[in-house]
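Novice:
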Amino acid sequence: MTHPDHDLLVATALGEAVPEQVSQHLELCSECGPEVESLKQVIDMTRRSRDVDLVPPPPAVWAAIEAELDAPLQLTPRHTEATPTPPRHGAPRRSPWWLAAAAAAGIALGSGVTAAVVNRDSPAPTPSVQTVAKAPLDTLDTKTSRGEARLVRVGTTLDLDVQARGLATDSGYLEVWLINSDLKRMVSVGVLPAGVEQQRFVISQDLIDQGYVIVDISREQFDDKPAHSGDSLVRGTLAV
């Protein structure tokens, strides 16, 4: 018996309109019907994997495909009778080359999914660091430069990066503040550890938006007074 061309089988798998005799043939043919179902599975897999990053299949996959395409044709007699369909021309049925390629894509898709699972345990990429604003930190009396403050965005986090040198703590400690531009309000950002010249503090964007842009480092005493001591060593304004 004759069978529909591969183009008609593909069109059926894609849901396109085909001649009535082709549809009738597929209902009766034990070879064409299953092939259409296989084509539907490949097409469905391809559509669902559009957003998946594929990795190249190993060389052995392509070697197997080439061997399949170069293999001699196996002719088998067909005895099933069915409703006549449009005649086919050329060689007897064999899997189309693009079906083999689609199978390779499926293998590559599986490799990509496996790589994605493996990469879950890999270290996360380092987030990019963007400098939003800078401020030189100068002494209040002689305007001597003692460091710099930078407002940096690390991923979705906003940090205040403070670099200060040559600041004497005496018997106390150093505390970092953000003072509002109205010079009436301030908030403590954190403590600069003894002997440390650079420290990063996490802050909120709301503070900057409300005008807390003056960076101040003060010398504080170990007492029960959380307020600013009034002993500011350096200060600078972030240019935002």
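Sequence positions in the sequence shown follow this note's numbering and run 9 to 248. Here a beta-carbon is modelled for each residue, glycine too, at the ideal position from N, C-alpha and C.
1) DSSP on residue 245, reduced to helix/strand/coil?
2) Does the distance from the CB of residue 20 to the CB of residue 44 come in under 8 Å?
3) Taking residue 228 as part of the beta strand (DSSP E), name the residues at either end of that continuous run.
4) For residue 190, tell me which candidate among 166, 207, 220 and 214 has the shortest Cα-Cα distance.
5) Taking the C-alpha atoms as reference points, what is the distance between residue 90 and residue 36?
6) Might you give, ordered along the chain, the residues of its own chain that have their beta carbon closer than 8 Å to the beta carbon of residue 31, omitting 5 neighbours on each side?
7) Under 8 Å between the Cβ atoms of residue 258 and residue 165?
8) Whole-angstrom Cβ separation of residue 157 and residue 181, contact assumed at under 8 Å?
9) Are the segment 232–247 and the segment 142–150 in contact at 8 Å, needing three or more beta carbon pairs?
10) Can you tell me whether residue 99 is buried or exposed, with buried defined as 16 or more other CB within 10 angstroms of its CB?
11) Would a C-beta distance cut-off of 8 Å place residue 18 and residue 47 closer than the cut-off?
12) From which residue to which residue does the alpha helix (DSSP H) around residue 20 run?
13) Work out the CA separation of residue 41 and residue 16 for me, nearest whole Å.
Specialist: In this structure, then:
1) strand
2) yes
3) 220–228
4) 220
5) Because the pLDDT of residue 90 is 48, which lies under 50, any placement of that residue in the model is unreliable, and the number read from its coordinates should be weighed accordingly. Spanning the two alpha carbons is a distance of roughly 7 Å.
6) 20
7) The first residue shown for the chain is 9 and the last is 248, placing residue 258 beyond what the model contains.
8) No, residue 157 and residue 181 are not in contact; Cβ-Cβ is about 18 Å, not under 8 Å.
9) yes
10) At residue 99 the pLDDT is 44, less than 50, meaning the model places this residue with poor confidence and gives no usable figure here.
11) yes
12) 14–21
13) 12 Å
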